[in-house]
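In our numbering, the protein residues as written are 48 to 191.
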């Protein structure tokens, strides 16, 4: 994973990763693996979070992309996207806050009520992190 991150930075591969991310419309398996890789980067190598940030920020509409990835047409992709959002709130919160919207939060709230365990478990984790992040941001704004 570290070699992947080093190579991605050395060869400026984030543009290619963004393109791969957008391929999900044609091939969900590709998006599934890329979301998993981005999550692993945040979980195992948070010093390389800039790769994840560049990929997400480079999307035309990160909020809409995340919502579409959380579609329950592919439960595994939905779960992995929720994990990515949770990890982003911990490792690169500024990037997450840059595209976090009421629609996205509402989608996560709806998924937290989903009857199938893994989807609702990961949605509840994301809810908790977003709630904590929102409270922290509100406190920071009051201190300024």
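Positions of the beta carbon are idealized from the N, C-alpha and C atoms, including for glycine.
Residue 142 and residue 173 have their C-alpha atoms roughly 15 Å apart.
If you compare the alpha carbons of 63, 152, 146 with that of residue 102, the shortest gap goes to 63. An exposed status is given to residue 91, since fewer than 16 other beta-carbon atoms sit within 10 Å of its beta-carbon. Within its own chain, the residues whose Cβ lies closer than 6 Å to the Cβ of residue 159, once the five positions on either side in sequence are excluded, are 167, 170, 171, 174, listed in chain order. Taking one beta carbon from each stretch, the segment 52-60 and the segment 103-113 have fewer than 3 pairs nearer than 8 Å; the two do not touch.
Between residue 98 and residue 61, the C-beta spacing is below 8 Å.
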